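Asker:
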Amino acid sequence: MSSKHPGNSGAFSVIVTQDNPDAVYVENAREGQSVTEADEVAHRRMLFAALQAVALAPDSSLERVREEIKRLDKA
1 MSSKHPGNSG AFSVIVTQDN PDAVYVENAR EGQSVTEADE VAHRRMLFAA
51 LQAVALAPDS SLERVREEIK RLDKA
């Protein structure tokens, strides 16, 4: 059984300000929604940390994109 990749959770932004509680803006194909519930904000922070843990370094990401473009050009 494989675990779900944290990037499959959809688009979201964690919003941190000095004067307000942290919030999350969650998007899908039809709408966007601001969320302020502490449990949901904490969950999205955890997802973001998981994404950071599996992300490539910027230079490595750029190289992978270039390799994929070359592969697609040959197809």
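Under my numbering, think of the first position of the sequence shown as 1, with each following residue one higher.
All C-beta atoms, glycine included, are put in the ideal place defined by N, C-alpha and C.
As the structure is a computational prediction, the values presented were derived from the model and not from experiment.
Give me the Cβ distance between P6 and A50, rounded to the nearest whole Å; I'm assuming they're in contact under 8 Å.
Answerer: Confirmed, about 4 Å.
Asker: Can the beta-carbon of V16 be found less than 8 Å from the beta-carbon of V24?
Answerer: No, the Cβ-Cβ distance between V16 and V24 is not below 8 Å.
Asker: What are the start and end residues of the alpha helix (DSSP H) that includes A55?
Answerer: First-last for A55: undefined, no H or E at that position.
Asker: Check whether the Cβ atoms of R64 and L72 lie closer than 8 Å to each other.
Answerer: No, they are not a contact pair.
Asker: Taking A29 as the reference, give the member of R44, V41, A11 with the closest Cα.
Answerer: Minimum Cα distance to A29 is reached at A11.
Asker: Under the three-state reduction of DSSP, which class applies to V16: helix, strand or coil?
Answerer: In this structure, V16 counts as coil in the three-state DSSP scheme.
Asker: Who are the near neighbours of E68 in its chain, counting only those whose CB is closer than 8 Å to its CB and skipping five residues on each side?
Answerer: Contacts found: none.
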